[in-house]
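Reading through the structure tokens given below for one structure.
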Amino acid sequence: MISAGGNLFAQQAGAKVQKDTLFFDDFAETSLDRQKWNVQGTDFWVNNEQQIYIDSSATVFTVKGAKAGGVEDALVLKAHYSPNYINYKGNNFDFISGRINTRDKVMFTYGTAAARMKLPKGAGYWPAFWALGGGNWPETGEIDIMEYVGETDWIGVALHGPGYSGETPLVNKYFFPEGEDVTGWHVYAVDWTPEGFDFKVDGRLIYRVTKPMVEHYGKWAFDNPKYLILNLALGGAYPYKTNGVEEPYNGLPSSTVELIKSGKAEVLIDWVLITK
Numbered sequence: 001m002i003s004a005g006g007n008l009f010a011q012q013a014g015a016k017v018q019k020d021t022l023f024f025d026d027f028a029e030t031s032l033d034r035q036k037w038n039v040q041g042t043d044f045w046v047n048n049e050q051q052i053y054i055d056s057s058a059t060v061f062t063v064k065g066a067k068a069g070g071v072e073d074a075l076v077l078k079a080h081y082s083p084n085y086i087n088y089k090g091n092n093f094d095f096i097s098g099r100i101n102t103r104d105k106v107m108f109t110y111g112t113a114a115a116r117m118k119l120p121k122g123a124g125y126w127p128a129f130w131a132l133g134g135g136n137w138p139e140t141g142e143i144d145i146m147e148y149v150g151e152t153d154w155i156g157v158a159l160h161g162p163g164y165s166g167e168t169p170l171v172n173k174y175f176f177p178e179g180e181d182v183t184g185w186h187v188y189a190v191d192w193t194p195e196g197f198d199f200k201v202d203g204r205l206i207y208r209v210t211k212p213m214v215e216h217y218g219k220w221a222f223d224n225p226k227y228l229i230l231n232l233a234l235g236g237a238y239p240y241k242t243n244g245v246e247e248p249y250n251g252l253p254s255s256t257v258e259l260i261k262s263g264k265a266e267v268l269i270d271w272v273l274i275t276k
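Throughout the sequence shown, residue numbering follows UniProt numbering, covering 1 to 276 in sequence.
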């Protein structure tokens with residue numbers, strides 16, 4: 001195992017607990033550790049996403065060996081085509097997927113949050129690694145450490161808060177070097193301090209936001225505890241804004257529906273780490 005210090009590079013296979021570790025999970029158990037994570041159920045829907053989340057071993061599970069994508073153990077968030085699975089808030093959902101969070105189990109204020117992830121190829125997939133405050137949105141802030149909407153050469157990072165939510169000005173895209181893309185293993189991280197944020201991919205600084213930059217748009221919403229979220233959404237607002245697809249589903253083209261049907265809609269997570 002290797003130390004999860006200042007540089008966390010894509011080729012590294014793991015991370016280890018350090019004296020300044022607040023939280024660590026390498027998903028080595030036979031199922032998700034419910035002492036660390038909550039699993040989202042069907043009573044939730046945002047952003048015109050085309051899936052409904054369910055608490056099931058079909059959508060949130062651990063794997064070992066060959067199924068782990070080249071690492072020893074991994075968590076899988078997987079989406080499935082499930083026609084007419086549920087009607088919620090007047091909408092019929094044909095897809096199910098997984099979303100987990102650490103709310104009220106692991107909350108942190110300042111530090112570094114990192115995850116090593118492998119993402120699927122397909123327009124309209126919308127996996128994310130992010131953090132929310134424990135109160136109302138956007139007043140208690142949102143930190144988007146990694147968002148991917150189906151263009152394999154880039155991921156996005158962003159901050160949301162009062163006065164800078166939704167189409168936030170505090171956003172940046174990171175384009176991978178030639179020969180790399182989201183389908184490989186990468187470490188997505190943010191260093192969060194009282195003065196601002198450094199967003200990193202594989203130890204490379206990709207975007208810096210200072211407190212004065214935030215306060216140019218609104219109140220600083222990042223002096224309160226946050227919890228981590230990992231999810232695999234399908235279609236919806238951000239993918240649609242990127243790909244313009246309206247049919248067969250908002251932001252989700254038929255080619256990706258076929259990928260989902262063939263079992264290729266899954267996010268792998270090697271580990272998640274929070275340090276002071």
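Built from N, CA and C at the ideal position, the CB exists for glycine as well.
Since we're looking at a predicted model, the values are computed, not measured.
Whole-angstrom C-beta distance between residue j and residue i, which should lie under 8 Å
| i | j | result |
| --- | --- | --- |
| D145 | A113 | Per the sequence shown, the amino acid found at residue 145 is Ile instead of Asp. Sure, about 6 Å apart at Cβ, within 8 Å. |
| D94 | N101 | Not really, about 24 Å apart at Cβ, beyond 8 Å. |
| G98 | L268 | Not quite, the Cβ-Cβ distance comes to about 12 Å (not below 8 Å), so this is no contact. |
| K227 | R103 | The amino acid at residue 227 is misidentified as Lys; the sequence shows Tyr. Yes, Y227 and R103 are in contact; Cβ-Cβ is about 4 Å, under 8 Å. |
| G161 | V209 | Actually they do not touch by this definition, with Cβ atoms about 11 Å apart. |
| V71 | D55 | Not a contact, Cβ separation roughly 25 Å. |
Simplified DSSP state of residue i, which is helix, strand or coil
| i | result |
| --- | --- |
| A237 | helix |
| G133 | strand |
| I260 | helix |
| L8 | Any reading at L8 is ruled out, since the residue's pLDDT is 41, under 50, leaving its predicted position unreliable. |
| S19 | Ser is not the amino acid found at residue 19; the sequence shown has Lys there. Residue state, collapsed to three classes: coil. |
| M213 | helix |
| K67 | helix |
| I2 | Low confidence applies here, because I2 scores a pLDDT of 27, under 50, leaving its location unreliable; read the following figure in that light. I2 falls in the coil class under three-state DSSP. |
| G218 | coil |
| N243 | helix |
Start and end residues, beta strand (DSSP E) containing residue i
| i | result |
| --- | --- |
| I86 | 80-88 |
| V272 | 266-275 |
| M117 | 111-118 |
| W192 | 186-193 |
| N101 | 99-101 |
| W37 | Careful: W37 lies outside any beta strand (DSSP E) and carries neither H nor E. |
| N224 | Unbroken run through N224: none, as it is neither H nor E. |
| E147 | 142-147 |
| I155 | 154-160 |
| V46 | Note, V46: premise wrong, no beta strand (DSSP E); not H, not E. |
| Y53 | 51-53 |
| N172 | 171-175 |
| D198 | 196-201 |
Residue i and residue j closer than 8 Å at C-beta
| i | j | result |
| --- | --- | --- |
| D270 | A74 | yes |
| T183 | K118 | yes |
| T140 | A221 | yes |
| S165 | P138 | yes |
| Y53 | F129 | no |
| T168 | K121 | no |
| K211 | G196 | yes |
| K200 | K105 | no |
| I260 | A79 | yes |
| residue 277 | L273 | In the structure as shown, the chain starts at 1 and stops at 276, and residue 277 therefore has no counterpart that could be examined. |
| P248 | S254 | yes |
| P239 | L252 | yes |
| I96 | Q51 | yes |
| N48 | G236 | yes |
| N172 | Y148 | no |
| Y88 | T42 | yes |
| E266 | V60 | no |
| Y125 | G150 | yes |
| G111 | P225 | no |
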